[in-house]
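For reference, each letter of the first sequence is one residue, going 1 to 721 in the UniProt record's numbering. Data first, discussion second: the structure below is written as structure tokens.
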Amino acid sequence: MSRGDGNGEGGSQRHAPEQLALIRETVRERKERQPRAKPRTWRGAEMAERLPVARVLVDKGLVHLDRYFDYAVPAAMDEEAQPGVRVRVRFGAGEREGRREGGGLINGFIVERRADTDFTGRLAPIAQVLSPEPVLTPQLLQLCRAVADRYAGSLADVVQLAVPPRRAKAEKQPSQRRPAKPPVPEPGGWERYPDGPAFLRALAEKAAPRAVWTALPGPGGWADELARAMATTLATGRGALAVLPDGKSAARVDAALTALVGEGQHVLLTADAGPEPRYRRWLAVSRGAVRAVVGTRAAMFAPVRRLGLAAIWEDGDSSHSEERAPQPHAREVLLQRAVTEQAAFLLGAHSCTVEAAQLVESGFARPLAADRDTVRAVMPRVRTAAEGDEGRDPAARSARLPSLAWRTAREALVRGPVLVQVPRRGYVPRLVCERCREPARCTHCSGPLEAAGEGTALRCGWCAREVPQWRCPMCSGTRLRGSVIGARRTAEELGRAFPSVPIRTSGGAHVLESVPDRPALVVATPGAEPVPEGEAGYAAALLLDGWALLSRPDLRSGEEALRRWLGAASLVRPQGEGGSVVVVAEESMRPVQALVRWDPAGHALRELADRAELGFPPVSRMAAVTGSPEAVAGLLAAAGDAGLPEEAQVLGPVPLPVPEPGRPRNPGDPPPGELWERALVRVPRGSGAALAAALKTAQVGRLTRREGPIAHVRIDPLDIG
DNA sequence: AGCACGCCGACT
DNA sequence: GTCGGCGTGCTC
Numbered sequence: 001m002s003r004g005d006g007n008g009e010g011g012s013q014r015h016a017p018e019q020l021a022l023i024r025e026t027v028r029e030r031k032e033r034q035p036r037a038k039p040r041t042w043r044g045a046e047m048a049e050r051l052p053v054a055r056v057l058v059d060k061g062l063v064h065l066d067r068y069f070d071y072a073v074p075a076a077m078d079e080e081a082q083p084g085v086r087v088r089v090r091f092g093a094g095e096r097e098g099r100r101e102g103g104g105l106i107n108g109f110i111v112e113r114r115a116d117t118d119f120t121g122r123l124a125p126i127a128q129v130l131s132p133e134p135v136l137t138p139q140l141l142q143l144c145r146a147v148a149d150r151y152a153g154s155l156a157d158v159v160q161l162a163v164p165p166r167r168a169k170a171e172k173q174p175s176q177r178r179p180a181k182p183p184v185p186e187p188g189g190w191e192r193y194p195d196g197p198a199f200l201r202a203l204a205e206k207a208a209p210r211a212v213w214t215a216l217p218g219p220g221g222w223a224d225e226l227a228r229a230m231a232t233t234l235a236t237g238r239g240a241l242a243v244l245p246d247g248k249s250a251a252r253v254d255a256a257l258t259a260l261v262g263e264g265q266h267v268l269l270t271a272d273a274g275p276e277p278r279y280r281r282w283l284a285v286s287r288g289a290v291r292a293v294v295g296t297r298a299a300m301f302a303p304v305r306r307l308g309l310a311a312i313w314e315d316g317d318s319s320h321s322e323e324r325a326p327q328p329h330a331r332e333v334l335l336q337r338a339v340t341e342q343a344a345f346l347l348g349a350h351s352c353t354v355e356a357a358q359l360v361e362s363g364f365a366r367p368l369a370a371d372r373d374t375v376r377a378v379m380p381r382v383r384t385a386a387e388g389d390e391g392r393d394p395a396a397r398s399a400r401l402p403s404l405a406w407r408t409a410r411e412a413l414v415r416g417p418v419l420v421q422v423p424r425r426g427y428v429p430r431l432v433c434e435r436c437r438e439p440a441r442c443t444h445c446s447g448p449l450e451a452a453g454e455g456t457a458l459r460c461g462w463c464a465r466e467v468p469q470w471r472c473p474m475c476s477g478t479r480l481r482g483s484v485i486g487a488r489r490t491a492e493e494l495g496r497a498f499p500s501v502p503i504r505t506s507g508g509a510h511v512l513e514s515v516p517d518r519p520a521l522v523v524a525t526p527g528a529e530p531v532p533e534g535e536a537g538y539a540a541a542l543l544l545d546g547w548a549l550l551s552r553p554d555l556r557s558g559e560e561a562l563r564r565w566l567g568a569a570s571l572v573r574p575q576g577e578g579g580s581v582v583v584v585a586e587e588s589m590r591p592v593q594a595l596v597r598w599d600p601a602g603h604a605l606r607e608l609a610d611r612a613e614l615g616f617p618p619v620s621r622m623a624a625v626t627g628s629p630e631a632v633a634g635l636l637a638a639a640g641d642a643g644l645p646e647e648a649q650v651l652g653p654v655p656l657p658v659p660e661p662g663r664p665r666n667p668g669d670p671p672p673g674e675l676w677e678r679a680l681v682r683v684p685r686g687s688g689a690a691l692a693a694a695l696k697t698a699q700v701g702r703l704t705r706r707e708g709p710i711a712h713v714r715i716d717p718l719d720i721g
């Protein structure tokens, strides 16, 4: 069909399967269409002269509809119906009495204008152009496609994450034009890193350096340094994007960037701005009126023009992982962007994830860290205290504090606020060797062992194999311990130990942003630590959550504990100014040693080596398949037929624990009352794309053929034991 | 997922 | 001869 006017009979006949059907259809069209001379719909309408076909992405996340649909462009919409605009189209309708009807109007995006279509039926017309704003640009579309492929998801789902819902009011206003390029800023705090100035120089020369930056401790420095990297990029005329784990830290980088380049160069994209201001700011970016974005994870898709720098702060924070399908991670999306948009990449944190270590190890990024001397000069004094080591001090006993922790707090409280990090509720303990505290692992697949109930045999949480007689591979011990969840009561008991000191708490629903620089006990759960006002920092920190953090049944528990501790310890004054940290945990444990030495990168490298040995992510790529036993088995079988890589290893399936009632359900969690299973599929690094493709093909096949219940697929599952 | 089409049994 | 059950397949 050369013209998508919908009246031509050629389209419906040309590929008719057999002669009979062809004749029947022709007869019916003749017979039934002619008497209806004046249909009120599109049939009489003029179609666009040039490029009368619009290829449309319909806004339905269903994986088996993950393709484009062609629609005819009415002449009246010719001008506005450009690639990238939002449209409404009829979808899902059948054909009756020779004309289209039924089928709801759904939203979509035009991705392309074409001269012809390969669809053999008759094209329906676009019902409405919602707005002439080309929001889904080719580059953003390309990014969404890549993310959908990596995560075995549908394009429409990713586009929903990437393009915010429309706000007509915001679209009507023009975006203010940006001011001139700002000057190249001074390197500032980057001088503290041997390779820091060189990194900035590379940015200033429009190169695309990639770095994993281990930020020095201190409450304020990192935000300013991140802003300086962005400002340097802006000075070249290119754009910059920084993604932060929460609105609080995003606001700090935003403020630092404003101090460097003034207003008008950048926007803050966070949820707490409200939908309309947020869309206005997003539009300013999309229109090219603003070239820099500071935001939380949804900003990872921000359509920054000529991206020169993609940055992420604290990539180990779980809020960088999107909850909505297909659950992409900001670090992975920004990596993708840095490569395809040829931008610089900066991953910064006080701690270091295994993924970050791997970026360095693989040669993709260079480490950006300070010398040991510099680290020692700014880090607090860090000491360990054994659990239950309460000494003879009655006050320490009443607070259930090790005596070192109690003495440290008492001394520090003369000079300033003292942070007390306490465990959060709901940490599940994992089984460890009672003697040496080595986590109990399956001898077959290295999954975590679980006790199904009192007196029952041990079972692997991954492959479900039973382990009747466990023996520790490190010390040959045979007894296991499940660590006790830390008592939150400690916070209250502190009040009795320090009766004259004000106590402030931060955590859960009541998170304090900052506290005055005055003596006080500040009790906070990990991640909710208030920043002390001024530049000084806490006089001391007590990290009381050691066991709770280290005994979580998660591959990342060590990394996560260290990250939490470093986050708190980074807010403490340098050793030279009396800053002191006491961590209550077993001294010999790897994350504890890494904290004492302040060596997050070294810790991550050692973890990475372990993962390589055990075949864990990120050295391998994993996918989790959850659903009813039938759904999981069906999908795995279909994936096998759909080109699952030969090296793929299927672990499990194992029954999924029933989620606690009242907890918000995540995608992939079983609905109440249903017993679900989970299987893990593991492939070597490099076969990740093939894994995602096979799972998606399997999913599509089963959905279209309606084979049994549907399974949920998650690439890079977070909680794999 | 919706939704229409179509090929079989109860009813006028 | 017609209405309507829900199994099957498509959605421009």
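Beta carbons are placed, not taken as given, at the ideal position from N, Cα and C, and that holds for glycine. These numbers were taken from a predicted model, which means no experiment stands behind them.
- Taking 8 Å as the cut-off, the Cβ atoms of GLY262 and GLU225 do not count as close.
- With a contact defined as Cβ atoms closer than 8 Å, ARG86 and ARG167 miss out at about 12 Å.
- Runs of the alpha helix (DSSP H) lying entirely within the stretch 460-536, each at least 4 residues long, are 489-497 in chain order.
- ASP70 is positioned such that its CB atom lies closer than 8 Å to that of VAL53.
- The secondary-structure analysis by DSSP pairs THR697 with nothing; it has no beta-bridge partner.
- Comparing C-alpha distances from ARG331 to each of GLU361, ARG397, ARG55, VAL212 shows the shortest one belongs to VAL212.
- Assignment of TRP676 by DSSP, reduced to helix, strand and coil, places it in the coil class.
- One thing to note: LEU695 has its Cβ no nearer than 8 Å to the Cβ of ALA45.
- Look at ASP70 here: in three-state DSSP terms it is strand.
- Close CB contacts of PRO182 within its chain, under the 8 Å cut and outside five residues either way in sequence, are with ALA231, LEU234, ALA235, LEU260, VAL261, GLY262, GLN265 (chain order).
- Counting along the chain, the unbroken alpha helix (DSSP H) around GLY567 starts and ends at 557-569.
- Note that the C-beta distance between GLU322 and ARG281 is not below 8 Å.
- Non-local beta-carbon contacts of ALA202 in its own chain, meaning distances under 6 Å to residues more than five positions away in sequence, involve PRO209 in chain order.
- In this model, GLY615 and SER154 are separated by some 28 Å (Cα to Cα).
- Within the DSSP bridge table, the entry for PHE109 names LEU57, ARG86 as partners.
- Here the stretch 562-581 lies against the stretch 537-549, with 3 or more beta-carbon pairs under 8 Å apart.
- In this structure, DSSP gives GLN173 a state outside helix and strand, which the three-state scheme calls coil.
- Shown here, ARG706 sits in coil according to DSSP, grouped into three states, outside any helix or strand.
- For THR214, the uninterrupted beta strand (DSSP E) segment begins and ends at 210-214.
- As a beta-bridge residue in DSSP terms, ARG441 pairs with PRO448.
- With a contact defined as Cβ atoms closer than 8 Å, LEU269 and GLU171 miss out at about 17 Å.
- Inclusion of GLY643 and ALA594 in the CB contact set at 8 Å is not warranted, their separation being larger than that value.
- The bridge partners DSSP lists for ILE715 are ALA623.
- The shortest CA-to-CA distance from ALA198 to any of GLU559, LEU368, VAL658 is the one to LEU368.
- Note that the C-beta distance between VAL294 and ALA242 is below 8 Å.
- The criterion of a C-beta distance shorter than 8 Å is satisfied by ALA115 and LEU51.
- Between ALA180 and THR408, the alpha-carbon positions lie close to 52 Å from each other.
- Judged by beta-carbon spacing, VAL531 lies beyond the 8 Å limit of THR505, meaning their Cβ atoms are not closer than that value.
- In the same chain as ARG178, and ignoring 5 residues on each side of it, the C-beta atoms closer than 7 Å to its own belong to GLY264, GLN265, ALA289, VAL290, ARG291, in chain order.
- Put simply, the backbone Cα of VAL163 is about 13 Å away from that of ASN107.
- Between the stretch 404-424 and the stretch 625-635 there are fewer than three C-beta pairs closer than 8 Å, too few to call the two in contact.
- For ARG337, the uninterrupted alpha helix (DSSP H) run begins and ends at 330-340, by DSSP.
- The residues ASP315, GLY316, GLU559, ALA604, in chain order, have a CB closer than 7 Å to that of THR353 in the same chain once the five nearest residues on each side in sequence are set aside.
- In this structure, ARG305 is the residue among ARG305, ALA299, PRO185, ALA585 with its C-alpha nearest to the C-alpha of GLY239.
- Your pair PRO645 and LEU691 checks out as a contact, with CB atoms roughly 6 Å apart and the cut at 8 Å.
- Boundaries of the beta strand (DSSP E) harbouring CYS433: 431-433, taken from the DSSP string.
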